[in-house]
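Scroll down for the structure; my scribbles are underneath it.
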Amino acid sequence: MALSILKPIGQKNGMFQFKADIGTNTFYQYEIGQGKKKYKGIDQIALVRFRSPILSRNHPLQKIAASSFVLEIPEQHFDREKDKVQLISFKNQDGSGLAVSEVINIFPSLRSDHPPLFPSFNLSVENIAMESTSVKHKPFNYQESKLSKPMFWGALISAIPAVIGAAAPLVKKLFSKKKKTSPTAPASATTEKPGSSTKDEILGAIIDMLGNIKGNNSAPQAEAPAPSNPQPAAQSLSVGKFIDPATLIELIPFFEQVISRETLLAIGDDPLKLFKAIGEAALKMTDQEAASVMLRKDSDTRASRKPDKYAEAQFLSKLIGAIPGVPPIVKAAIAPHTLLGYASPSQQILKSLMGLGNNNGALDNLNLGINGTNHTMNDDDLAGLLASMSMSSASVPAIPFKVKTNVKLQFVATNTVELHGKKRLLYSKNSDLHFPIKITTDHPNAPQNAIPKVIVQAVFHDAETDQFLLEKKFRLKDIQLEETISNIVISKDEAIALPNDKDIKLNLSFIWKGKKTKENCGVFKIHYFRVVSDYLFNRIGSAVETPIPLNDVVSFRPFWHKVWEGGFSESKRWEVSLAVKYYYTVDLREDTISKLSTKRKIETDNAGGERSSNRRKVAGKIKSGMELSLHALNQLLVSRSKSPLNEAQLEAIRTDYLKKSYTQVARTQVELRGRAGDTATLWTYPEISIHQVYLARPNTVNELGQVTELTEEVVEFPRPSSIHFIGTKSE
Amino acid sequence: MNDQYQFPDLSHTYTVALEDDPVLLDGQRVLFDKKVTLMPVELEKKTETNES
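Chains as they are written, first to last, in our numbering: chain A, 77 to 807; chain B, 22 to 73.
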């Protein structure tokens, strides 16, 4: 009889195992996907995301005995969105004689009203029914950020005024203008026309930001109680303290021209994001000016070019010098004088860091400089850091235009609200998004007539990943300077392309045809905002009760992890000393817990590679960890008879802010001893603290779609606070 | 939750005491229970370029 029966039996070596029975059928196939639907009264997977090849009962990959057999499916086929499997069998390859199994859900909930997760006290992972496992196994694929990125980017930003001064004549002009006017001219001479300058706003944003920095407001952090067992200081860096306020002040004219106040408020204390925004703007202007720069260079004297080039070389040298951990030989190799042989090194670096130019990115450019003096850069950390800097530049083509430095684009009527300790511009996902702007100029002979035809290009990117999201062009007529332009609107249907609760970067260009030159002229500005729906994650608060050990080996078995097991059968006595690091982090995309494999490194072994018959002494390092899931943590609340977060609340906390706060490490040293034939084991399990989590809900939204008031809602959510390392030895 | 499945907190117990009054876990004798506070750390996924 044709059958199709699928029963979960366990999990082994990265495979989910099932007992399958196809009766008298010969062929079978399994499908993995999400959701369940009924078709002609039979349950089926609603959205099939993976379909195996058609296999036969004699297929060499599957050992089939009689009509039933063990079907093994690699774990990586499943995740939070692909959590169901179904077996389909048929008599002939054309699909006749079809039979389908029931739809099996791979990751059941960790609900407390489920039967015990493990049938016995035995902690062994063998012979465990599928119902009891909400756990995946993954390779350990992490490394600690050894270099301080905030420190690096802070140093980089300090160097930017020099870069811009050397590489972008346009910005140089802005800076020289500031220097000319500020020390000598009377205050009234520098006063802009009312409404024609954003300088005060920019200065206000910087002051705001510095206030935040002083308040140690880099990112939401849990207000954890003082640790009872102090460990060596971990990397918990406030990014803010690595930006020199003087640098920010020096950059005011630049910000005023191309970066909105809202952008500064959102990212001004994050060196990396700020650098990317500055770099993007500087390069855009430089590209527009390149032709005129070349023309000017022809008339320049050699003497006048040398200092600029040396400034660029100095920047590159400063850039590398700012990176801790770079071997001195590398630093020596990129001293300013060694770089003077290259054309515009800082421009090359800047372009590479921004992901432009050739695909090999910054590292190649650095190697270019270094190889010039016969040194090779092989520092893995540096390579990793540089690799992480490059951004994808995929987007729509930007309309080319010549930047007019005496014209400014200003976003008006922006209402900010406090979120993550910063003032932010938030738009409601349920409204159209209005971006009113105003075009101003400080030119003494500004034309009084309206600009007859204008194109406004709005390009939206995910500010974190630089992924392109949306582009819209607006064709406008008769635009009068100093008047508010209200027709830059993204409808709520178009705004579906914009992700919730993430910084979105709007690059808005205002372009018109020059009256005399007939070429495109324009101004642009980078503007940050967020769109929000029901809930927003704000911050993690203090722990509300004493830590809870997850020491119930049945209910909390998924949180117990056997990280090491070993022994020596050839030595009379043995002794293993291990430096252990165990990490917790959160995988925001998974619903299951993932135990990470253990990485081992032997430091010393008195057997020297031979089998030792006496006292074997081995010292080494191991590191392992666990990726938690929000779903699994949420179910811990149920086990404590507390209300779990609802789906909207869970979605709100599914943020990188939370992940950052949940990424933790415990370090310890353990020693395990035994006699010949003994085995020893190292287990871990966590204690968790229930923390207050502050969510925000949009309360009022204005006619522009901007959120003008947020209300606070406090919920509770668990976070690991400590780890138990338990060593055992065979009896 | 059932008390019989709750592994005792032995982090304040001397190793000597564990020898005199052994506790078994998964059929093996417990040697120690070290409780360590978790500290924040910056982790990054290894990529092809920085995998060592």
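Beta carbons are placed, not taken as given, at the ideal position from N, Cα and C, and that holds for glycine.
When you compare only the Cα positions, how much space is there between residue i and residue j?
i	j	result
Leu582/A	Asp47/B	57 Å
Ser132/A	Thr541/A	44 Å
Phe801/A	Arg749/A	16 Å
Ser172/A	Phe166/A	6 Å
Val791/A	Glu494/A	19 Å
Lys677/A	Val146/A	35 Å
Lys88/A	Asp754/A	24 Å
Val334/A	His537/A	16 Å
Arg730/A	Lys67/B	22 Å
Leu163/A	Phe94/A	10 Å
Glu107/A	Phe216/A	28 Å
Ser719/A	Gln711/A	9 Å
Glu65/B	Leu672/A	14 Å
Val746/A	Phe53/B	9 Å
Leu39/B	Glu666/A	39 Å
Leu713/A	Gln543/A	36 Å
Ile81/A	Tyr611/A	43 Å
Val620/A	Leu706/A	19 Å
Asp119/A	Glu356/A	52 Å
Gln556/A	Asn525/A	7 Å
His213/A	Leu574/A	33 Å
From the beta carbon of residue i, is the nearest beta carbon of chain A less than 7 Å away?
i	result
Leu52/B	yes
Thr58/B	yes
Leu46/B	yes
Leu150/B	This structure gives no information on residue 150/B, because the portion of chain B shown stretches from 22 to 73.
Is there at least one Cβ from chain B nearer than 7 Å to residue i's Cβ?
i	result
Tyr808/A	Limits of chain A in this structure are 77 at one end and 807 at the other, which puts residue 808/A out of reach.
Asn627/A	yes
Gly803/A	yes
Pro796/A	yes
Ala489/A	no
Thr492/A	no
Ser806/A	yes
Ser221/A	yes
Thr622/A	no
His767/A	no
Val694/A	no
Ile335/A	no
Met467/A	For Met467/A, the pLDDT reaches just 42, beneath the cut-off of 50, and the residue's location in the model is therefore unreliable, although a value from the coordinates is still provided. So no, Met467/A is outside the interface.
Are residue i and residue j closer than 7 Å when you measure CB to CB?
i	j	result
Tyr738/A	Arg795/A	yes
Lys548/A	Ala534/A	yes
Ile531/A	Arg500/A	no
Ile580/A	Ala353/A	no
Ser567/A	Gly781/A	no
Lys505/A	Val607/A	yes
Pro512/A	Thr560/A	yes
Trp640/A	Leu758/A	yes
Glu157/A	Gln110/A	yes
Ile766/A	Ala708/A	no
Gln80/B	Thr661/A	The structure shown does not extend to residue 80/B, since chain B is modelled only from 22 through 73, so no value can be given for it.
Phe103/A	Ile149/A	no
Give the single residue among the options whose Cα lies nearest to the Cα of residue i.
i	options	result
Pro129/A	Glu332/A, Asp119/A, Gln169/A and Ile121/A	Gln169/A
Leu626/A	Leu574/A, Ile799/A, Gln782/A and Val783/A	Ile799/A
Thr34/B	Leu64/B, Lys56/B, Glu65/B and Pro61/B	Lys56/B
Thr622/A	Val124/A, Glu763/A and Asp518/A	Glu763/A
Lys578/A	Asn596/A, Val599/A, Phe613/A and Lys480/A	Phe613/A
Gly90/A	Val124/A, Lys114/A and Val211/A	Val211/A
Ala539/A	Ile182/A, Asn775/A, Leu350/A and Phe103/A	Leu350/A
Cys597/A	Asn491/A, Val161/A and Ile587/A	Ile587/A
Leu63/B	Val161/A, Asn101/A, Lys160/A and Gln219/A	According to the sequence as given, residue 63/B is Glu; it is not Leu. Of the candidates Val161/A, Asn101/A, Lys160/A and Gln219/A, the one whose C-alpha sits nearest the C-alpha of Glu63/B is Gln219/A.
Gly99/A	Met77/A, His153/A and Gln486/A	Met77/A
Ser717/A	Asn101/A, Gly684/A, Phe793/A and Ala772/A	Phe793/A
Glu178/A	Arg337/A, Leu704/A, Glu788/A and Lys113/A	Lys113/A
Glu651/A	Val629/A, Ile624/A, Thr680/A and Thr784/A	Thr680/A
Looking at the C-beta of residue i, does it have a partner C-beta in chain C at a distance below 7 Å?
i	result
Ile729/A	The structure shown contains no chain C; its protein chains are A and B.
### Message
Suppose only complete runs of 3+ residues qualify. What are the beta strand (DSSP E) ranges in the segment 624–671 of chain A, listed by chain order?
### Response
Runs of the beta strand (DSSP E) inside the segment 624–671 of chain A: 637–642 and 649–662.
### Task
Would you mind listing the beta strand (DSSP E) stretches within the segment 478–549 of chain A that are 3+ residues and don't spill past its ends, in chain order?
483–487, 492–495, 498–504, 513–517 and 527–538
### Message
Which complete beta strand (DSSP E) runs does the segment 691–762 of chain A hold, if anything under 3 residues is left out?
### Response
691–704 and 740–751
### Task
Just list the beta strand (DSSP E) runs in the segment 548–586 of chain A, keeping only unbroken ones of 3 residues or longer that don't cross its boundaries, in chain order.
none
#### Entry: Continuous beta strand (DSSP E) assignments of at least 3 residues falling wholly in the segment 592–625 of chain A
596–608 and 612–619
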